[in-house]
Each structure stands twice: as C-alpha cells, then as structure tokens.
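S.K.: Those sequence lines, one after another, are chains A and B. Residue 41 in the numbering used here sits at position 8 of the first sequence, with consecutive numbering throughout. Residue 230 in the numbering used here sits at position 197 of the second sequence, with consecutive numbering throughout. C-beta: ideal position from N, C-alpha, C; glycine also.
2 protein chains.
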Amino acid sequence: MAGAALWRRGAAWLRGCRGKEGKAPGVSRGCAGCREVVRTCERYAVRRLPFARPAERDVAFFERLMPGRVLAGQPEVEPFNVDWLKSVRGCSQLVLKPQTTAEVSQVLRYCYERNLAVNPQGGNTGLVGGSVPVFDEIILSTALMNQIISFDKVSGILVCQAGCVLERLSEYVEEQGFIMPLDLGAKGSCHIGGNVATNAGGLRLLRYGSLRGTVLGLEVVLADGSALDCLTSLRKDNTGYDLKQLFIGSEGTLGVITAVSILCPQKPKAVNVAFLGCQSFAKVLETFTTCRAMLGEILSAYEFMDEKCMELVERHLKLSSPVADSPFYVLIETSGSNTTHDEEKLNNFLERAMTSGLVTDGTVATDDKKIKVLWSLRERITEALTHEGYVYKYDISLPVEKLYDLVTDMRARLGQSAKNVVGYGHLGDGNLHLNITAESYSHSLLDAIEPFVYEWTARCSGSISAEHGLGFKKRQFIQYSKPRKAVLLMQQFKAMLDPKGILNPYKTLPSAPERSTG
Amino acid sequence: MAGAALWRRGAAWLRGCRGKEGKAPGVSRGCAGCREVVRTCERYAVRRLPFARPAERDVAFFERLMPGRVLAGQPEVEPFNVDWLKSVRGCSQLVLKPQTTAEVSQVLRYCYERNLAVNPQGGNTGLVGGSVPVFDEIILSTALMNQIISFDKVSGILVCQAGCVLERLSEYVEEQGFIMPLDLGAKGSCHIGGNVATNAGGLRLLRYGSLRGTVLGLEVVLADGSALDCLTSLRKDNTGYDLKQLFIGSEGTLGVITAVSILCPQKPKAVNVAFLGCQSFAKVLETFTTCRAMLGEILSAYEFMDEKCMELVERHLKLSSPVADSPFYVLIETSGSNTTHDEEKLNNFLERAMTSGLVTDGTVATDDKKIKVLWSLRERITEALTHEGYVYKYDISLPVEKLYDLVTDMRARLGQSAKNVVGYGHLGDGNLHLNITAESYSHSLLDAIEPFVYEWTARCSGSISAEHGLGFKKRQFIQYSKPRKAVLLMQQFKAMLDPKGILNPYKTLPSAPERSTG
Numbered sequence: 034m035a036g037a038a039l040w041r042r043g044a045a046w047l048r049g050c051r052g053k054e055g056k057a058p059g060v061s062r063g064c065a066g067c068r069e070v071v072r073t074c075e076r077y078a079v080r081r082l083p084f085a086r087p088a089e090r091d092v093a094f095f096e097r098l099m100p101g102r103v104l105a106g107q108p109e110v111e112p113f114n115v116d117w118l119k120s121v122r123g124c125s126q127l128v129l130k131p132q133t134t135a136e137v138s139q140v141l142r143y144c145y146e147r148n149l150a151v152n153p154q155g156g157n158t159g160l161v162g163g164s165v166p167v168f169d170e171i172i173l174s175t176a177l178m179n180q181i182i183s184f185d186k187v188s189g190i191l192v193c194q195a196g197c198v199l200e201r202l203s204e205y206v207e208e209q210g211f212i213m214p215l216d217l218g219a220k221g222s223c224h225i226g227g228n229v230a231t232n233a234g235g236l237r238l239l240r241y242g243s244l245r246g247t248v249l250g251l252e253v254v255l256a257d258g259s260a261l262d263c264l265t266s267l268r269k270d271n272t273g274y275d276l277k278q279l280f281i282g283s284e285g286t287l288g289v290i291t292a293v294s295i296l297c298p299q300k301p302k303a304v305n306v307a308f309l310g311c312q313s314f315a316k317v318l319e320t321f322t323t324c325r326a327m328l329g330e331i332l333s334a335y336e337f338m339d340e341k342c343m344e345l346v347e348r349h350l351k352l353s354s355p356v357a358d359s360p361f362y363v364l365i366e367t368s369g370s371n372t373t374h375d376e377e378k379l380n381n382f383l384e385r386a387m388t389s390g391l392v393t394d395g396t397v398a399t400d401d402k403k404i405k406v407l408w409s410l411r412e413r414i415t416e417a418l419t420h421e422g423y424v425y426k427y428d429i430s431l432p433v434e435k436l437y438d439l440v441t442d443m444r445a446r447l448g449q450s451a452k453n454v455v456g457y458g459h460l461g462d463g464n465l466h467l468n469i470t471a472e473s474y475s476h477s478l479l480d481a482i483e484p485f486v487y488e489w490t491a492r493c494s495g496s497i498s499a500e501h502g503l504g505f506k507k508r509q510f511i512q513y514s515k516p517r518k519a520v521l522l523m524q525q526f527k528a529m530l531d532p533k534g535i536l537n538p539y540k541t542l543p544s545a546p547e548r549s550t551g
Numbered sequence: 034m035a036g037a038a039l040w041r042r043g044a045a046w047l048r049g050c051r052g053k054e055g056k057a058p059g060v061s062r063g064c065a066g067c068r069e070v071v072r073t074c075e076r077y078a079v080r081r082l083p084f085a086r087p088a089e090r091d092v093a094f095f096e097r098l099m100p101g102r103v104l105a106g107q108p109e110v111e112p113f114n115v116d117w118l119k120s121v122r123g124c125s126q127l128v129l130k131p132q133t134t135a136e137v138s139q140v141l142r143y144c145y146e147r148n149l150a151v152n153p154q155g156g157n158t159g160l161v162g163g164s165v166p167v168f169d170e171i172i173l174s175t176a177l178m179n180q181i182i183s184f185d186k187v188s189g190i191l192v193c194q195a196g197c198v199l200e201r202l203s204e205y206v207e208e209q210g211f212i213m214p215l216d217l218g219a220k221g222s223c224h225i226g227g228n229v230a231t232n233a234g235g236l237r238l239l240r241y242g243s244l245r246g247t248v249l250g251l252e253v254v255l256a257d258g259s260a261l262d263c264l265t266s267l268r269k270d271n272t273g274y275d276l277k278q279l280f281i282g283s284e285g286t287l288g289v290i291t292a293v294s295i296l297c298p299q300k301p302k303a304v305n306v307a308f309l310g311c312q313s314f315a316k317v318l319e320t321f322t323t324c325r326a327m328l329g330e331i332l333s334a335y336e337f338m339d340e341k342c343m344e345l346v347e348r349h350l351k352l353s354s355p356v357a358d359s360p361f362y363v364l365i366e367t368s369g370s371n372t373t374h375d376e377e378k379l380n381n382f383l384e385r386a387m388t389s390g391l392v393t394d395g396t397v398a399t400d401d402k403k404i405k406v407l408w409s410l411r412e413r414i415t416e417a418l419t420h421e422g423y424v425y426k427y428d429i430s431l432p433v434e435k436l437y438d439l440v441t442d443m444r445a446r447l448g449q450s451a452k453n454v455v456g457y458g459h460l461g462d463g464n465l466h467l468n469i470t471a472e473s474y475s476h477s478l479l480d481a482i483e484p485f486v487y488e489w490t491a492r493c494s495g496s497i498s499a500e501h502g503l504g505f506k507k508r509q510f511i512q513y514s515k516p517r518k519a520v521l522l523m524q525q526f527k528a529m530l531d532p533k534g535i536l537n538p539y540k541t542l543p544s545a546p547e548r549s550t551g
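(1) Rounded to the nearest angstrom, what separates B/V346 and B/A357 at their Cα positions?
(2) Determine the closest residue to B/K435 out of A/Y145, A/S120 and A/S188, with distance taken between C-alpha atoms.
(3) Terminal residues of the continuous beta strand (DSSP E) containing A/E330?
(4) Can you tell me whether B/D270 is helix, strand or coil according to DSSP?
(5) At 8 Å on the CB atoms, spell out the chain B contacts of A/V520, in chain order.
(6) Name the chain A residues that come within less than 9 Å of B/L215, Cβ to Cβ?
(7) Using CA coordinates, which residue listed in B/E89, B/A105 and B/G162 is at the minimum distance from B/V71?
(8) Taking its Cβ as the centre, do 16 or more other Cβ atoms sit within 10 Å of A/R240, making it buried, or is it exposed?
(9) Does A/T320 get closer than 8 Å to chain B when you measure Cβ to Cβ?
(10) Consider the Cβ of A/D96: report whether some Cβ of chain B lies at a distance smaller than 8 Å.
(11) Does the beta-carbon of B/A230, which I'm using as the reference point, lie nearer than 7 Å to any heavy atom of the ligand GTP?
(12) Check A/T388 in the structure and name its three-state DSSP category.
(13) Roughly how far, in whole angstroms, is the beta-carbon of A/L238 from the beta-carbon of A/D428, given that I think they are within contact range, below 8 Å?
(14) Quick test of your reading: A/L236 and A/A334, contact by CB under 8 Å. State the CB separation rounded to the nearest angstrom.
(15) Ignore the nearest five residues each way along the sequence and tell me which others in B/E488's own chain have a CB closer than 8 Å to its CB.
(16) Would a C-beta distance cut-off of 8 Å place A/E146 and A/L98 closer than the cut-off?
(17) Given that a residue counts as buried once 16 or more other Cβ atoms are within 10 Å of its Cβ, and exposed if not, what is A/Q154?
(18) DSSP on B/Y539, reduced to helix/strand/coil?
(19) Is the number of C-beta pairs between the segment 199–212 of chain B and the segment 317–328 of chain B that are closer than 8 Å three or more?
(20) Give the DSSP-derived three-state secondary structure of A/N305 in the structure shown.
(21) Starting from the Cα of A/L276, find the closest Cα among B/G390, B/L521 and B/A545 and give me that residue.
(22) Are the Cβ atoms of A/G369 and B/E330 separated by less than 8 Å?
(23) So what's B/D339 in DSSP terms, helix, strand or just coil?
(24) At the level of alpha carbons, what is the spacing between A/V433 and A/S266?
(25) Can you tell me the Cβ-Cβ gap for B/F505 and B/T73, rounded? I've got them flagged as a contact below 8 Å.
(26) Using the rule of at least 16 other Cβ atoms within 10 Å of the residue's Cβ for burial, across every protein chain shown, is A/A499 buried or exposed?
(27) Whose C-beta lies closer than 6 Å to the C-beta of A/P538 among residues of the same chain, with five residues either side of it excluded?
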C-alpha cells in the first residue's frame with residue numbers, strides 16, 4: 034500500500050519530534066527553507082500531551098478510506114508543518130486530504146477512538162501559529178474540499194465547501210454581479226473554511242461587517258466525528274441558540290468546518306481609491322472623521338500605514354509611492370452604485386481635505402488596474418516585512434485616538450535592539466498591525482516586547498488579537514483581553530465539545546500550568 | 034416589612050396556579066383585561082417542574098436586598114404575568130426590580146441556591162410567550178436598569194444597562210449624530226437587553242445587519258449568580274470564543290443580560306420613504322430586485338403588506354392609505370449622506386418602476402412627519418390585528434420567491450374557519466409575518482394551522498422563527514428548523530450553564546417528552 038510504504042520511509046524521522054519527552058532530532062530533511070525553522074516544541078519548550086502516536090495501522094486505515102489522498106512521511110508533509118511566516122514548525126508525519134464531509138467524519142471518529150490529535154488546516158496562511166501542528170498531530174487539510182455547492186443569484190447567498198480558495202470564490206461571485214463580504218491579502222491561498230474558523234477580518238469589514246453577520250450557516254464535524262448541519266441559507270433564523278457562532282473564530286479547536294453558507298453583497302458599480310499623505314497621526318484621524326461624514330455609505334475602507342512601511346515595500350518589493358514622502362499614508366476606498374455620485378462625493382471630500390491641510394499630497398484611481406496598484410502598497414506590507422528577517426507580529430484593537438501611541442512607545446522602548454518598528458492597519462476598525470523586525474528570533478527581544486505590548490493594550494481596554502486569533506503564539510496571553518470567568522467558560526465549552534482535546538491541541542486556550550515534576 | 038406584608042395579602046392567590054399538580058383557581062383578581070387571559074398552564078396543560086415555591090422568607094430576603102423594589106402579590110404583579118398580546122398568562126407572585134448588576138447577581142445566587150425559578154423580563158413586548166412566567170417563576174424585571182454608561186462620539190459605540198428603552202436610546206444617540214442599528218414597532222416599550230436576548234431583527238436589518246454584528250459586548254449574569262464581563266467596546270476582538278453570541282437570542286435561558294455595548298451607525302443626512310402599490314406579488318419581487326440594483330447602498334428598508342393588512346389598519350386604527358387600492362403595498366426607505374444624490378437615485382428608480390408597470394401608484398415622503406405617517410401603516414399592523422380577536426402569529430423565513438405562497442395556501446386551507454389570513458413583513462430579509470385571526474382562541478383552528486405551517490416551512494428549508502424567537506409557544510417545533518444534533522447540543526449548553534434549569538424554564542428548548550404516568 035502506497036501510504037504505508039511512504040510511512041516506513043518516514044518512520045526514522047517520526048521518532049524525532051518528542052519535545053521535552055525525547056531528544057530532539059539532529060538535522061531534519063524538510064522542504065527548502067523549512068529546515069531552518071526551529072521546531073515549535075523546542076523554541077517554546079512545549080510538553081507533548083498524552084495522545085496516541087500515529088502508527089502504521091492508522092496510515093493503512095486512512096489509505097483505505099481515501100486512497101491516494103494520504104501523505105505520509107517526508108518530504109511531502111514538510112510544507113504542511115511550517116507556517117507561512119516560517120516562524121513555527123511541527124513534526125507531523127501524516128497529511129489527510131478528505132473530499133467530503135463524510136470522510137472528515139470518518140477520520141475524526143477514528144482519531145477520537147484512537148486518541149490521535151488532529152490539526153485542521155486550510156490555506157495555512159495564519160499568522161499566529163494556529164494552522165500547523167506543534168508535535169505530530171495529524172494534519173487534516175481542506176485542500177480538496179473545494180466545491181461550490183450552490184449560489185443564489187437573487188439573494189447572493191453562496192454555499193460552498195470549506196476548502197474553496199477565497200480568491201476563486203471572489204472571481205466566481207463577481208461573474209454573477211456579487212462580491213465576497215471579506216477580502217484580505219492572503220486571498221490567493223486562504224480557504225474560506227479557515228477564514229471562518231479564524232473569524233478573519235480584512236479589508237472590507239468597515240463596510241460589510243464581520244463574518245458573524247455575513248456567515249449564515251455552517252456545517253461542522255465535531256471531535257467525535259458527528260456532523261452538525263447548520264448549513265442554512267436564511268438571512269434570519271431565531272430558532273434556538275446560534276451554535277455556528279461558537280465555531281466562528283474557534284480556530285479549529287471545537288470542530289472542523291466543512292461547508293459554509295455566506296451572504297455576498299452586490300458588486301458595486303463604482304469603486305474609487307484615494308491614496309493620501311498626512312503629516313501627522315492626528316491628521317490621519319481627522320481625515321478619517323471627515324471622510325466618514327462626507328463619504329457616508331460609500332466608504333468601504335480606511336487603511337493607514339506609516340513611512341517605515343512605505344520604505345519597506347519600496348525596498349523589498351520595488352513598489353513606488355504614488356505621492357510625496359509623508360510620515361503617514363492613508364488609503365480610502367469608496368464603493369457605490371452610481372459613478373457620478375461617488376466621484377462627486379469623493380471630490381468634495383478631497384477638496385476639503387486638501388484645502389484644510391489634512392492631507393498634503395494624494396492620488397485617486399478609478400480604473401481597476403490603478404486601484405490594484407494602490408491597494409498593493411498596503412496589502413503587501415506583510416510580505417515586505419518577511420524580507421527583513423524575523424517578524425514579531427502584533428494585531429491590536431485600540432480606541433483609534435490611541436492607535437499609534439503604541440507604535441511610538443514601542444519604538445522608544447526597543448531603541449536599537451529592533452531593526453524596525455512599524456505600524457499600519459485597518460484604522461476604520463480600530464485595528465493596528467504593530468510589527469517589529471530583527472535579523473533573527475531572540476528570546477531577549479521577545480522579552481522586551483512581551484508582556485509590555487499586552488499590558489499597554491490591556492490598560493486601554495484593547496484586544497491583544499483583533500483579527501489574527503490566538504493560535505499557538507498568543508494563547509497564553511488571553512487574560513489580557515478576557516476575564517478569568519470567560520476563559521473558564523471557554524475551557525468548559527472545549528471540554529464539552531472535545532472531551533479528549535484532540536482538535537488542534539496547544540492552540541487558542543491557555544495550557545494548564547505545568548506541574549513542577551513531570 | 035412592606036414586601037412581606039404584600040406577600041401575605043397575595044398568599045391565598047399564590048396557592049392557585051399549580052398546573053397539573055393542583056386545582057386551577059377560580060376567578061383571579063388581575064389587572065383590567067388580564068383576568069380574561071386563560072392561564073398558560075391550563076391552556077397548554079404544562080407540568081410544573083420541581084422548583085421550590087417562593088415563600089415569605091424569600092420575599093423578606095429580596096426586600097432587604099432592594100428595599101421598595103420588590104412587588105409581591107396582586108394586583109401590582111398581574112401586568113407582569115400577561116404578555117402584550119394577552120395570549121399567555123403566568124401566575125407569579127413576585128417581581129424584583131434590581132438597579133445594578135451586583136443586585137442581579139445576588140438575586141440569582143440566592144435563587145440558584147434555593148432552586149427558585151426566574152423569569153427575566155424586559156419591556157414584555159415579546160410575541161411568543163417568552164417574556165412572562167408560565168407558573169410562579171420570580172419575575173426579574175430590568176425596568177430600573179435604565180442608565181446609559183457611556184457613549185463615544187468618535188466611534189458611535191454606546192454602552193448602557195439592559196433596561197434602557199429602545200426609543201430613549203434612539204433619541205439619545207440621534208442628538209449626537211448617530212442612530213441605533215435596530216428599530217422596531219415596539220420601540221416605545223422594549224428594552225435593549227430584551228432586544229439582544231431575543232436577537233430582535235426589525236426594520237433596519239437590511240441595511241445595518243443583525244445584532245450579531247452590531248453588539249460588541251455584553252455583561253451577563255449566569256444562573257449561579259456569577260457575572261461574565263464581556264462588555265468590551267471594540268469593533269474587532271478575536272481572543273478566544275465569542276461567548277456573548279451564545280446569549281444573543283437565548284431568550285434569557287442561559288443568563289441575564291445586564292449591560293450591552295452596541296455600535297451605532299451615523300445618522301443619515303437624508304431619509305426618503307416611498308409607499309407604492311403593486312398588482313401582484315410577482316411585481317413586489319421584481320420591484321425589490323430593481324430597487325436593490327438602482328438604490329444600492331442607500332436602500333435601508335424594503336417592507337411589504339397585503340391588502341388585508343391595509344384594510345385592518347384603516348378599520349381599527351383609522352389610518353388611511355396614501356395610494357390607490359392595490360393587492361400589495363411596498364414601503365421602501367432610503368438613508369444616505371447626500372440629499373441630492375439620494376433623491377436622484379430614488380427618482381430614477383421610481384420612474385423605471387412606474388413606466389415598466391411594476392408599481393401602479395405611489396407616494397414619496399422626505400420630511401420626518403410624512404415619513405412617520407407612512408411607516409405607521411406598516412408598523413402598526415401588529416396593533417391593528419389585536420383588535421380582531423385572537424391572533425395566531427407566525428414569523429417565517431423563506432426564500433423570497435416563495436414568501437407569499439404560504440399565505441395563499443393557508444388562506445385556502447382555512448377557508449371560513451379563520452376571520453383573516455394576512456401576510457406582511459421584511460421582504461428584503463426574506464421574513465414573512467403570517468397572521469391568522471379569529472374571534473377567540475380555539476384548539477381546532479390551531480390544529481388546522483399547526484403543524485401544517487411548520488411542515489410547509491421545513492419543506493422550503495425555511496425557519497419557523499425568523500426574528501421572534503421560540504419562547505414558550507414555538508419551542509416544541511424547533512425540530513422543523515434545526516436537526517436533532519443541534520437541539521441536543523443546545524440542551525448540553527443549557528445544562529452546562531444552568532444545571533438546575535432555573536432560568537426562564539419552559540422556554541426556547543423543547544421539554545422532555547412527558548412520561549405516561551406522573
């Protein structure tokens with residue numbers, strides 16, 4: 034059997050990754066670039082929980098269940114073990130690629146019985162280490178669950194499998210006169226199931242709201258393999274508790290999302306983007322309140338970035354700024370149903386903003402191509418940052434007035450020990466992306482950043498994760514944004530829905546304090 | 034002690050309401066009009082669950098806790114026992130009016146220990162019997178929890194206690210240039226806490242989305258008296274599971290909402306309302322798709338009513354139709370930031386609708402007063418219906434194409450046995466209000482309607498409660514809209530959060546099947 038054969042090849046490697054329990058392996062044979070990533074279990078000294086270890090008979094079972102869709106052993110499995118940022122790395126030996134909900138059900142029923150841990154994985158674009166294993170969790174990939182189930186052209190309701198890539202869905206619904214209610218930089222890779230599992234925010238939230246409003250239904254397979262069919266296509270349904278909400282944003286720890294029903298807004302007839310330079314963050318804020326009042330219902334995005342971000346996209350990606358050098362840049366998007374009206378609103382606003390000195394330079398795009406160019410300046414900051422070395426990423430919700438103070442304070446605090454401290458994000462939603470770069474990871478720099486960044490955020494009643502989730506990297510800091518009682522309740526929900534804890538272990542919820550002897 | 038004295042006066046009455054356990058009382062001394070309402074426990078033959086019965090020492094405890102804010106015994110308590118529709122009636126002897134979360138906590142801690150059942154009550158405007166007791170549950174009224182805690186003029190985020198009346202909140206935020214994200218006919222009485230507890234939909238959902246998106250935070254007291262503080266004021270927060278969602282729409286069965294944080298949209302600078310006559314339901318639908326495309330982002334409501342509804346508001350409320358008699362009427366509201374643009378969009382649409390024969394008559398209002406008059410035709414249908422006798426109310430989500438077929442089918446089915454069968458509702462959200470009137474309640478008419486109406490809805494994959502909730506009246510029918518697995522999970526959540534089941538018993542979730550002997 035192919036899977037079993039592969040398994041045997043990988044078996045030597047399998048014994049390596051044991052965290053504190055065993056000796057870490059020497060050099061592993063991974064994908065290019067992956068092998069340099071330090072294993073999560075080593076860098077963070079995590080203790081493996083007492084799950085069963087996948088064995089040959091398990092591979093054989095899965096291979097019978099989905100022949101040819103089981104990857105076992107190196108090197109095929111390696112890319113699934115490492116996150117997009119190359120910041121965390123698991124040592125799973127087994128990737129399963131189900132095509133149907135029934136297969137997911139059978140996989141989980143089996144794993145539940147055997148006490149095998151499972152790491153659900155979508156497009157693996159997460160930024161907090163939630164999408165890759167920490168140890169040898171079996172990776173359950175939604176890559177082959179990519180079918181559109183239905184689309185209603187009257188209501189704009191799309192029903193599809195969890196593994197559909199966001200950009201493909203966007204293209205599909207745009208052909209029918211609609212758009213997806215969310216858009217994000219990772220759209221070319223991320224899966225809609227992963228978007229929902231992490232409650233992704235992104236670039237359109239200001240206008241179309243969060244997935245908690247636009248996701249109408251979900252199909253989920255629970256830890257024991259039972260399927261929960263709440264895949265309705267209704268705008269309103271008040272029959273009992275809204276169970277699907279619990280799975281939105283639970284990062285695969287409560288169930289595996291297998292299908293999604295989502296409300297798509299109509300495609301706007303006119304889209305305009307303005308890219309502006311501001312001389313201070315105070316002007317960025319004043320520009321926001323002014324444009325919100327003057328653009329009203331057509332405002333669909335208000336993004337900002339500082340000059341450091343612009344420097345990085347220019348240097349690493351060879352993009353060029355369309356406006357004169359400024360301490361801050363703002364990207365404003367309008368989406369509406371009437372080109373003339375929208376342009377008039379935008380022009381009125383721009384005139385006001387220029388004459389009152391809110392902005393000092395600016396450019397406007399109305400055609401698709403130029404709009405994409407302007408958006409890429411903002412969307413590709415994340416990518417530009419990865420060229421800098423190791424990136425410490427923070428995704429913070431704050432009252433807008435205080436949004437940039439955190440960047441300034443952090444810059445002063447770290448001084449020369451950081452290469453760069455940059456701030457950008459979804460200002461309209463009060464969401465700052467604070468990023469700190471250094472040549473490589475160091476415990477000491479991390480200690481200078483954390484818990485300072487979380488304490489600072491908590492003092493302003495902010496959230497330590499606005500949209501990225503907690504995943505592996507932030508889970509121990511949940512108490513900075515949630516009271517003890519809330520965390521206890523979350524743990525009760527987890528225990529109720531996944532009593533053996535096999536679903537995405539080591540993620541989202543804090544681990545129990547380690548006992549001194551082990 | 035005043036409370037205890039009142040209690041003694043009411044004590045004889047107390048012994049009456051025992052459902053199957055004891056003899057029903059003769060004539061009760063209630064508020065005017067209330068005494069005619071048949072007790073829920075009699076009409077529906079409900080069995081009282083084995084909660085403790087409130088006794089004098091309990092009243093004394095509560096009176097010490099909140100002196101002067103305890104109502105015990107008749108006749109003060111009677112209005113709290115009967116719903117707005119005068120269709121269900123409990124026999125509680127005790128109303129508590131806490132002012133603070135700490136008081137709610139103390140009340141619930143006490144009730145939990147004593148095994149006393151509690152019925153949380155807001156403005157008592159619910160339509161499914163969820164807001165009044167069935168037996169002698171202690172009524173926990175939010176009437177005195179009516180303080181605004183904070184309002185941020187930059188973000189539009191309002192934080193307030195649960196007992197604030199929606200209309201007062203609307204007035205308050207409008208003075209600051211914002212509006213509440215929800216609006217409904219009952220706004221003059223309903224409490225925001227009740228709105229959230231029932232996930233109220235209403236007239237603005239089409240534009241501003243559901244409370245699941247606009248409610249940013251909640252403070253909730255759980256059954257055992259512990260408080261859960263998730264009262265954040267952040268647009269985005271992905272730190273762990275979104276616990277507040279479980280309480281939104283749980284109808285007071287999982288916890289008592291004590292405070293709400295909610296995102297208010299900016300007040301539109303221009304509002305227009307068009308009231309139109311259509312010759313068929315097919316034209317109503319075509320008018321919808323046309324106006325959605327032409328009005329785009331400024332469309333804020335699309336409501337419809339049939340000619341029977343118009344007849345009833347004319348007859349009972351002396352309102353007059355502003356347009357020529359038509360089989361169907363449509364109310365379209367636009368809300369935008371630019372008067373000239375909005376009027377141009379609306380006029381273009383109306384011209385298209387008239388010339389293409391979609392609508393045969395219409396009127397437009399741009400000033401507040403006339404707008405209110407037009408809205409009252411739609412908003413006051415519920416009130417007009419109560420003048421007809423007994424009203425069987427159904428609140429159904431359906432694919433819009435099939436929305437009115439249910440009314441036609443029901444009308445044909447019931448023939449002369451019903452006085453009226455009318456249909457109206459939030460067409461833009463796929464939400465039909467089907468109402469059937471008769472001189473008085475009868476089991477046989479109910480049997481002709483149910484389960485037919487639920488089976489019809491289930492065949493179309495609709496929801497048997499779009500926005501009203503399940504409350505007391507619909508809870509046994511949940512399986513028409515939710516699979517068995519979902520109901521089981523809901524019951525597990527209930528058991529986890531309220532192990533003794535003291536919070537709003539007999540509501541939302543179906544009762545366990547009765548044993549044949551008892």
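M.R.: Taking the structure as given:
(1) Translated into the one-based positions of the second sequence, residue 346 of chain B becomes position 313. Translated into the one-based positions of the second sequence, residue 357 of chain B becomes position 324. Their Cα atoms are separated by approximately 15 Å.
(2) Taking the second sequence and counting its residues from 1, one reaches residue 435 of chain B at position 402. If we check each option's Cα against that of B/K435, A/S188 comes out closest.
(3) The residue labelled residue 330 of chain A in the question sits at position 297 within the first sequence. Run containing A/E330: none; DSSP gives neither H nor E here.
(4) On the second sequence, position 237 is the one that residue 270 of chain B refers to. It is coil, neither helix nor strand.
(5) One-based indexing of the first sequence puts residue 520 of chain A at position 487. Residues of chain B passing the Cβ test: G273.
(6) Here residue 215 of chain B is taken as the residue at index 182 of the second sequence, counted from 1. By Cβ distance, chain A contributes nothing, its closest Cβ being about 12 Å from B/L215, past 9 Å.
(7) As a working note, residue 71 of chain B is residue 38 in the second sequence. Taking B/V71 as reference, the option from B/E89, B/A105 and B/G162 with the minimal CA-CA separation is B/G162.
(8) For the purposes of this step, residue 240 of chain A is identified with residue 207 of the first sequence, where counting begins at 1. Label assigned to A/R240: buried.
(9) In the first sequence, counting from the first residue as 1, residue 320 of chain A sits at position 287. No, because no Cβ of chain B sits closer than 8 Å to the Cβ of A/T320.
(10) Position 63 of the first sequence, counting from 1, holds the residue named residue 96 of chain A. What sits at residue 96 of chain A in the sequence shown is Glu, not Asp. It does not: the Cβ of A/E96 has no partner Cβ on chain B nearer than 8 Å.
(11) As for the ligand GTP, it is missing from this structure, which has no ligand bound.
(12) Residue numbering aside, residue 388 of chain A sits at position 355 when the first sequence is read from its first letter. Helix.
(13) Here residue 238 of chain A is taken as the residue at index 205 of the first sequence, counted from 1. Here residue 428 of chain A is taken as the residue at index 395 of the first sequence, counted from 1. Between A/D428 and A/L238 the Cβ distance is about 13 Å, and since that is not below 8 Å, they are no contact.
(14) As a first step, residue 236 of chain A is located in the first sequence; it is residue number 203 there, counting from the start. As a first step, residue 334 of chain A is located in the first sequence; it is residue number 301 there, counting from the start. With 8 Å as the limit, A/L236 and A/A334 qualify as a contact, their Cβ atoms being about 5 Å apart.
(15) Start at 1 with the first residue of the second sequence, and residue 488 of chain B comes out as number 455. Here the set comprises Y513.
(16) Taking the first residue of the first sequence as position 1, residue 146 of chain A is located at position 113. Taking the first residue of the first sequence as position 1, residue 98 of chain A is located at position 65. Not closer than 8 Å, so no.
(17) Taking the first sequence and counting its residues from 1, the one referred to as residue 154 of chain A is at position 121. So A/Q154 ends up on the buried side.
(18) Translated into positions along the second sequence, residue 539 of chain B becomes position 506. Three-state result, B/Y539: coil.
(19) no
(20) By one-based count along the first sequence, residue 305 of chain A stands at place 272. Note: A/N305 maps to strand in three-state DSSP.
(21) Translated into the one-based positions of the first sequence, residue 276 of chain A becomes position 243. Nearest option by C-alpha distance: B/L521.
(22) For the purposes of this step, residue 369 of chain A is taken as the residue at position 336 of the first sequence. For the purposes of this step, residue 330 of chain B is taken as the residue at position 297 of the second sequence. It is a contact, given that the beta carbons lie within the stated cut-off.
(23) Position 306 of the second sequence, counting from 1, holds the residue named residue 339 of chain B. In this structure, DSSP gives B/D339 an extended state, which the three-state scheme calls strand.
(24) By 1-based counting over the first sequence, the position of residue 433 of chain A is 400. By 1-based counting over the first sequence, the position of residue 266 of chain A is 233. Their backbone Cα atoms lie some 35 Å apart in a straight line.
(25) Along the second sequence, read from residue 1 onward, the residue named residue 505 of chain B stands at position 472. Along the second sequence, read from residue 1 onward, the residue named residue 73 of chain B stands at position 40. B/F505 to B/T73, Cβ: 7 Å. Contact.
(26) Residue mapping note: residue 499 of chain A aligns to position 466 of the first sequence, counting from 1. Burial call: buried.
(27) The residue you call residue 538 of chain A lines up with position 505 of the first sequence. These residues qualify, in order along the chain: L82 and A150.
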